[in-house]
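Asks: So the protein lines, in turn, are chains A and B.
If you're matching positions, the first sequence starts at 1 in my numbering and goes up one per residue.
If you're matching positions, the second sequence starts at 1 in my numbering and goes up one per residue.
Backbone N, C-alpha and C define an ideal beta-carbon position, used for all residues, glycine too.
First the structure, then my questions, so here it is.
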Amino acid sequence: MKRRLFVCLLALLFLFPAWMSTAWVSPARAGESIILQSTTSTQNSGLLDWLLPKFTQRTGITVKVVAVGTGQALKNAARGDGDVVLVHARKAEEAFLKAGHGVDRRDVMYNDFVIVCPKNDPAGIRGMKSAAAALRRIAETKTPFVSRGDDSGTHKKELALWKQAGIDPHPASGTWYREAGRGMGATLNMAVAMGACTLTDRATWISHENRGDLTIVVEGDPALFNQYGVMLVNPKRHPHVKVKAARAFIDWLTGPEGQKLIAQYRLRGQQLFFPNAGKEH
Amino acid sequence: MDGGFTQAFGEALSMLARLDSGVLEIVALSLKVSLTSVLLAGFIGLPLAAMLALHRFAGRQGIIVLFSALMGLPPVLLGLIVYLLLSRSGPLGVLGLLYTPTAMIIAQTLLVLPIITALGQRVIASLWEEYAELMRSLQVRGWRLIGAMLFEARFALMTVMLAAFGRAIAEVGAVMIVGGNINHFTRVMTTAIALETSRGNLALAVALGCVLLALALLVNILVHVLTKLSGEKGALAT
Chain A
1 MKRRLFVCLL ALLFLFPAWM STAWVSPARA GESIILQSTT STQNSGLLDW
51 LLPKFTQRTG ITVKVVAVGT GQALKNAARG DGDVVLVHAR KAEEAFLKAG
101 HGVDRRDVMY NDFVIVCPKN DPAGIRGMKS AAAALRRIAE TKTPFVSRGD
151 DSGTHKKELA LWKQAGIDPH PASGTWYREA GRGMGATLNM AVAMGACTLT
201 DRATWISHEN RGDLTIVVEG DPALFNQYGV MLVNPKRHPH VKVKAARAFI
251 DWLTGPEGQK LIAQYRLRGQ QLFFPNAGKE H
Chain B
1 MDGGFTQAFG EALSMLARLD SGVLEIVALS LKVSLTSVLL AGFIGLPLAA
51 MLALHRFAGR QGIIVLFSAL MGLPPVLLGL IVYLLLSRSG PLGVLGLLYT
101 PTAMIIAQTL LVLPIITALG QRVIASLWEE YAELMRSLQV RGWRLIGAML
151 FEARFALMTV MLAAFGRAIA EVGAVMIVGG NINHFTRVMT TAIALETSRG
201 NLALAVALGC VLLALALLVN ILVHVLTKLS GEKGALAT
């Protein structure tokens, strides 16, 4: 009797996953699928959740999103772990193309970066027109500043701004300059908790729930422009890349339907991304 | 953030109440991946544990120490190793397993294998002191001895399996790297919590955490009750 019950228990434990394993490839594998290496901002802002179901509906192609920082997305794609890349760091994208990892880069959309600080504006930079000058003031006043520190597009932009300001913040790392090494959302959470300033893309900022006491203090500097680009992972180097489905996605994203949907995506009454495929800027 | 905690628990309760289909999908995948991993690791680890406990051979002590040390293996490091193996540019890249539930199972199996082996070895070794003479007099040897001792130690080994399950279901580092946290495909409880935290949806993140906790509790209760029903001594308490 006891032994029989024990056998039943064992059987249950073994059959359970076996039964479940039958179901786990169903929806996502039904049609063709591609892997999109993208950034945390496109996922955290909800843009991809808005766009991708509509693309799948139209084409039957499922897009699996791996959302990491731009730097990691490019490295993953360079190893062949992805079909399409959607990132925001122009220089790094060009290096990626030049190294032969990707082909056919196209502009997709843009928005901008903003500097956010606690409402009492500890660095006294509210309304400044130059982001670099604002950063210099932050350094001079030793106001806590949280850096992404993760080689993401936002981090690359921040480092470029420090360079423009003529300041190297790294010797101060661990004091007022704090390198988080995390995604945009996590970095905003840290800035909220520390009462610190940080640089964020506007899409993540608008969509982020936990803003605490932070508010935008610097915006509108042309240096804060944030361009997103899409690329195909080089099929010559990685023959497994699903070229046809991947191209269908790139064409759709930069075509009239994708562009219109990007413009339509609004959160809290604001447009987060501005489509600019095929336009000079 | 005001009233974050009350809001979070309220949300957790309402999520459980309406059994949100998105959450159910994530819960199901978490269970699938972690249970499969623990069972696979059990198939490999338990006989290995018995072998290490019952047979004397060269290098045995070294292997035991190694498995004990590997219990502290950081999931994120293991995830990285499995990522490099399964990446398209890695040695097993042709299989195309990266960013699939299979990759997550591979990572978690390797993660809990040392726990099952090291703890299992200790359980069986201590039981062996009691059974050594009996087994010798019955002339039980080799694979039959391993099978017999595994059966005799079954209740304590169930606790070992539960410890392994706890480790698997709670880890985020490995599944995040090899699974990619892909919606409707490789998103599990822990990676969903990480994602909602990074979205600033702290209430939802805590709510998901509560669901995860409830899940772990449920599995433990299930195993506990079934073991109690089938066995006499409360061996699970050890």
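1) Please decide whether residue 40 of chain A counts as near chain C, where near means a Cβ-Cβ distance under 8 Å.
2) Could you tell me the boundaries of the alpha helix (DSSP H) in which residue 282 of chain A lies?
3) Rounding to the nearest angstrom, what Cα-Cα distance links residue 171 of chain A and residue 167 of chain B in this structure?
4) For residue 83 of chain B, which of helix, strand or coil comes out of DSSP?
5) Under 8 Å by Cβ, that's how I've got residue 188 of chain B and residue 26 of chain B pegged, so tell me the actual separation to the nearest angstrom.
6) Is the Cβ-Cβ distance between residue 248 of chain A and residue 61 of chain A less than 8 Å?
7) To the nearest angstrom, how far is it from the Cα of residue 49 of chain A to the Cα of residue 59 of chain B?
8) Cβ closer than 8 Å: which chain B residues qualify as neighbours of residue 286 of chain A?
9) Short of 7 Å Cβ to Cβ, which residues in the stretch 185-202 of chain A face chain B?
10) Which chain B residues sit within Cβ distance under 9 Å of residue 35 of chain A?
11) If you measure from the beta carbon of residue 6 of chain B to each beta carbon in chain A, is any gap under 8 Å?
12) What would DSSP say about residue 27 of chain A, mapped onto helix, strand or coil?
13) Which residue wins for smallest C-alpha separation from residue 228 of chain A, given the options A:40, A:33 and A:55?
14) In terms of DSSP beta bridges, what is residue 131 of chain B paired with?
15) Residues of chain B with CB closer than 7 Å to the CB of residue 44 of chain A, please, in chain order.
16) Taking C-alpha atoms, which residue in A:162, A:116, A:232 and A:129 lies nearest to residue 198 of chain A?
17) So which residues on chain B does residue 183 of chain A lean against when the C-beta distance must stay under 7 Å?
18) Contact defined as beta carbons within less than 8 Å: I believe residue 180 of chain A pairs with residue 187 of chain A. What is the distance between those atoms, to the nearest angstrom?
19) Pick helix, strand or coil for residue 219 of chain A, following the three-state DSSP scheme.
20) Quick one: which residues of the stretch 68-89 of chain B get their C-beta closer than 7 Å to a C-beta of chain A? List them in chain order.
21) Can you give me the start and stop residues for the alpha helix (DSSP H) that residue 169 of chain A sits inside?
22) I'd like to confirm the pairing. Which residues does DSSP put opposite residue 117 of chain A in its beta bridges?
23) Does the beta carbon of residue 103 of chain A sit closer than 8 Å to a beta carbon anywhere in chain B?
24) Can you give me, in chain order, the residues of the stretch 147-174 of chain B that have a beta carbon less than 8 Å from any beta carbon in chain A?
25) Determine, using beta carbons only, whether residue 71 of chain A comes closer than 8 Å to chain B.
26) Between the stretch 190-200 of chain B and the stretch 136-150 of chain B, can you find at least three pairs of beta-carbon atoms closer than 8 Å?
27) Going straight from the alpha carbon of residue 272 of chain A to that of residue 65 of chain B, what length do you get?
28) Would residue 268 of chain A pass as an interface residue toward chain B - the criterion being a Cβ-Cβ separation below 8 Å?
29) I'd like the span of the beta strand (DSSP E) that includes residue 198 of chain A, first residue to last.
30) At a Cβ cut of 7 Å, what residues of the stretch 151-162 of chain A count as close to chain B, listed as they run along the chain?
31) Report yes if the C-beta distance between residue 29 of chain B and residue 101 of chain B is below 8 Å; otherwise report no.
32) Take residue 116 of chain B as the anchor and find which of B:185, B:46, B:20 and B:154 has the nearest alpha-carbon.
33) Give me the subset of the stretch 127-144 of chain A whose CB atoms are less than 8 Å from a CB atom of chain B, sorted by chain position.
34) Shorter than 7 Å, the distance from the beta carbon of residue 12 of chain B to the closest heavy atom of the ligand GTP, or not?
35) On a CA-only basis, which of B:227, B:43 and B:37 is nearest residue 120 of chain B? Give me that one, please.
36) Anything in the stretch 52-84 of chain A with a Cβ closer than 9 Å to a Cβ of chain B? List those residues in chain order, please.
Replies: Per the coordinate set shown:
1) No chain C appears in the structure shown, which is made up of the protein chains A and B.
2) Residue 282 of chain A lies beyond the range of chain A shown here (1 to 281); nothing can be said about it.
3) 39 Å
4) In this structure, residue 83 of chain B counts as helix in the three-state DSSP scheme.
5) 6 Å
6) yes
7) 54 Å
8) Past the edges of chain A, shown from 1 to 281, lies residue 286 of chain A, and the structure says nothing about it.
9) Those residues of the stretch 185-202 of chain A that come within reach of chain B (Cβ to Cβ, closer than 7 Å) are 185, 186, 188 and 189.
10) 98, 99, 180 and 182
11) no
12) Confidence in residue 27 of chain A is poor, its pLDDT being 45 and thus under 50, which makes the residue's placement unreliable; the coordinate value appears in the next sentence. Helix at residue 27 of chain A.
13) A:40
14) Residue 131 of chain B pairs with nothing; no bridge assigned.
15) Around residue 44 of chain A, the beta-carbon contacts reaching into chain B at under 7 Å are 198 and 199.
16) For the set A:162, A:116, A:232 and A:129, the Cα lying nearest the Cα of residue 198 of chain A is the one of A:116.
17) 198
18) 5 Å
19) coil
20) Those residues of the stretch 68-89 of chain B that come within reach of chain A (Cβ to Cβ, closer than 7 Å) are 87, 88 and 89.
21) Per DSSP, residue 169 of chain A belongs to no alpha helix (DSSP H) and is neither H nor E.
22) A:215
23) Not closer than 8 Å to any Cβ of chain B, the Cβ of residue 103 of chain A fails to qualify, so no.
24) 154
25) no
26) no
27) 55 Å
28) no
29) 197-201
30) Within the stretch 151-162 of chain A, no residue has its Cβ closer than 7 Å to any Cβ of chain B.
31) Less than 8 Å separates the beta-carbon of residue 29 of chain B from that of residue 101 of chain B.
32) B:46
33) none
34) The model on display carries no ligand, and the ligand GTP is accordingly not part of it.
35) B:43
36) 52, 62, 64, 65, 66, 67, 68, 76, 78, 79, 80, 81 and 82
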